[in-house]
Amino acid sequence: MIAVENQALVSENAIPKEASDGFTVPESNAFGQSFRDYEASVRLSIVENTYRLNHINQTYDFVKRTREEYAKLNKAEMSIWEAIELLDSFVDESDPDLDEPQIQHLLQSAEAIRKDYPNEDWLHLTALIHDLGKVLFHSKFGSLPQWAVTGDTHPVGCAFDESIVYHKYFKENPDHNNPAYNTKLGIYSEGCGLENVLMSWGHDDYMYMVAKANGTTLPPAALFAIRYHSFYPLHKEGAYQYLMNEEDRENLKWVQTFNKYDLYSKSNVRIDVEKVKPYYESLIKKYFPEKLRW
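So for the sequence shown, the numbering used here puts the first residue at 297; every next one is plus one.
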């Protein structure tokens with residue numbers, strides 16, 4: 297076993313792998329189309345508009361200011377499962393593959409990864425909570441617009457890589473023409489580590505902050521997956537690797553593994569919430585306090 301101080305143990309045989317015969321990767325999404333097809337999606341107009349607003353408004357100053365506000369964790373006090381229930385009717389407007397409520401996506405992801413990693417309960421829980429930061433849309437959290445909650449993430453404070461979906465809309469972002477922010481490295485240095493890079497604001501970074509500040513005992517790989525699972529320019533396109541350090545490269549393997557279950561588990565076949573709830577409540581109790589500050 298590999299010991300992580302004050303955090304969970306990760307089995308030595310729990311290595312990132314391709315999805316096995318436990319979870320079958322489907323050929324198409326819930327609409328019978330290719331996954332992440334931003335040109336042919338039946339949800340094209342609503343998805344594109346969400347990204348248009350995201351790319352125009354996610355400036356370095358906006359992200360810094362918003363992150364500092366939500367880092368106070370003074371919006372609510374509730375359990376993990378209470379947060380999950382807040383997503384019962386929330387539909388992600390940035391997702392071209394699914395229009396089901398988010399509670400179903402969380403359970404679909406968790407049940408899929410559970411098939412291939414039956415002995416790694418930390419992975420099951422990571423999948424269950426990875427999108428919980430989407431509670432930012434709720435009135436308890438200020439009803440943030442979807443462009444500040446959902447969608448792929450990317451660094452701010454440096455040039456917007458062309459691999460970012462709907463890159464053309466960055467031309468309307470004030471940082472696009474700011475010489476302090478529009479070079480390859482911008483305000484950063486090569487190999488500085490993602491921990492020192494400010495990411496566009498959304499559910500990923502928020503849930504990472506909530507989990508860490510509330511003393512979760514999930515391993516570092518889990519926290520990394522929560523924080524960067526929407527960083528598609530990196531883990532899908534290979535962009536921004538020059539900002540990573542060795543620890544990031546090691547953890548990236550888990551994000552790339554996790555992504556298969558996050559993306560390809562999406563379907564319109566619903567999970568029986570009450571049937572699986574006792575199992576996931578036991579994991580929540582194992583890795584989190586009963587009530588969290590949000």
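For each residue, glycine too, the CB sits at the ideal point set by N, CA and C.
Considering only C-alpha positions, which residue in the set the options is nearest to residue i?
{"i": "TYR345", "options": "TYR502, ASN474, GLY447 and SER439", "result": "Reading the sequence as shown, one finds Asn at residue 345 and not Tyr. Here the closest residue by C-alpha is GLY447."}
{"i": "GLN404", "options": "SER578, VAL572 and ASP457", "result": "VAL572"}
{"i": "LEU382", "options": "THR355, LYS411 and LYS436", "result": "LYS436"}
{"i": "TYR477", "options": "ASP357, LEU340, LEU588 and TYR347", "result": "ASP357"}
{"i": "LYS360", "options": "TRP590, TRP497, GLY438 and MET540", "result": "TRP497"}
{"i": "TYR538", "options": "ILE352, CYS488, ASN370 and LYS587", "result": "CYS488"}
{"i": "GLY590", "options": "TYR413, ALA406, ILE460 and ILE376", "result": "Correcting the residue type first, residue 590 is Trp in the shown sequence and not Gly. Closest option to TRP590, Cα to Cα, is ILE376."}
{"i": "ARG348", "options": "PHE466, ASN492 and GLU365", "result": "PHE466"}
{"i": "GLY438", "options": "LEU369, ASP558 and SER341", "result": "LEU369"}
{"i": "HIS434", "options": "HIS463, LYS464, VAL387 and GLN400", "result": "VAL387"}
Leaving out the 5 sequence neighbours to the left and right, which residues in its chain are closer than 7 Å to residue i when beta-carbon positions are compared?
{"i": "GLY511", "result": "PRO585"}
{"i": "LEU519", "result": "TYR504, ALA507 and LYS508"}
{"i": "TYR536", "result": "PRO451, ASP457, PRO529 and LEU530"}
{"i": "ALA367", "result": "MET505"}
{"i": "VAL551", "result": "PHE520, ALA521, TYR524, HIS525 and HIS531"}
Using a Cβ-Cβ cutoff of less than 6 Å, which residues in the same chain neighbour residue i once the five nearest sequence positions on both sides are dropped?
{"i": "TYR576", "result": "LEU424"}
{"i": "ASN350", "result": "TRP443 and GLY447"}
{"i": "SER459", "result": "PRO529, GLU533 and ALA535"}
{"i": "SER324", "result": "Bear in mind that a pLDDT of 46 at SER324, under 50, signals an unreliable position, so the model cannot answer this."}
{"i": "GLU486", "result": "TYR538"}
Rounding to the nearest angstrom, what Cα-Cα distance links residue i and residue j in this structure?
{"i": "GLU378", "j": "THR479", "result": "43 Å"}
{"i": "THR449", "j": "PRO574", "result": "32 Å"}
{"i": "SER385", "j": "GLY429", "result": "15 Å"}
{"i": "GLY453", "j": "HIS531", "result": "19 Å"}
{"i": "PRO451", "j": "LEU494", "result": "6 Å"}
{"i": "PRO470", "j": "TYR484", "result": "19 Å"}
{"i": "SER578", "j": "VAL565", "result": "24 Å"}
{"i": "PRO515", "j": "LEU421", "result": "11 Å"}
{"i": "LEU490", "j": "MET540", "result": "6 Å"}
{"i": "THR355", "j": "ASP568", "result": "40 Å"}
{"i": "LEU432", "j": "GLU365", "result": "12 Å"}
{"i": "GLU570", "j": "GLU407", "result": "14 Å"}
{"i": "LYS371", "j": "LEU440", "result": "13 Å"}
{"i": "HIS472", "j": "LEU340", "result": "25 Å"}
{"i": "LYS464", "j": "GLN400", "result": "32 Å"}
{"i": "PRO475", "j": "ASN492", "result": "20 Å"}
Less than 8 Å between the C-beta atoms of residue i and residue j, yes or no?
{"i": "GLN398", "j": "ASP427", "result": "yes"}
{"i": "GLU621", "j": "LYS581", "result": "Since the first residue shown for the chain is 297 and the last is 590, residue 621 is missing from the structure and cannot be characterised."}
{"i": "VAL461", "j": "HIS499", "result": "no"}
{"i": "LEU419", "j": "ILE409", "result": "yes"}
{"i": "TYR583", "j": "THR513", "result": "yes"}
{"i": "GLY482", "j": "ALA517", "result": "no"}
{"i": "GLU468", "j": "ILE380", "result": "no"}
Given residue i, which residues of its chain have a CB within under 8 Å of its CB, disregarding the five upstream and five downstream residues?
{"i": "ASP501", "result": "ARG363, GLY429, THR449, MET495 and ARG523"}
Quiz item: Are there three or more Cβ pairs, one per stretch, closer than 8 Å when the stretch 510-528 is compared with the stretch 541-555?
Solution: yes
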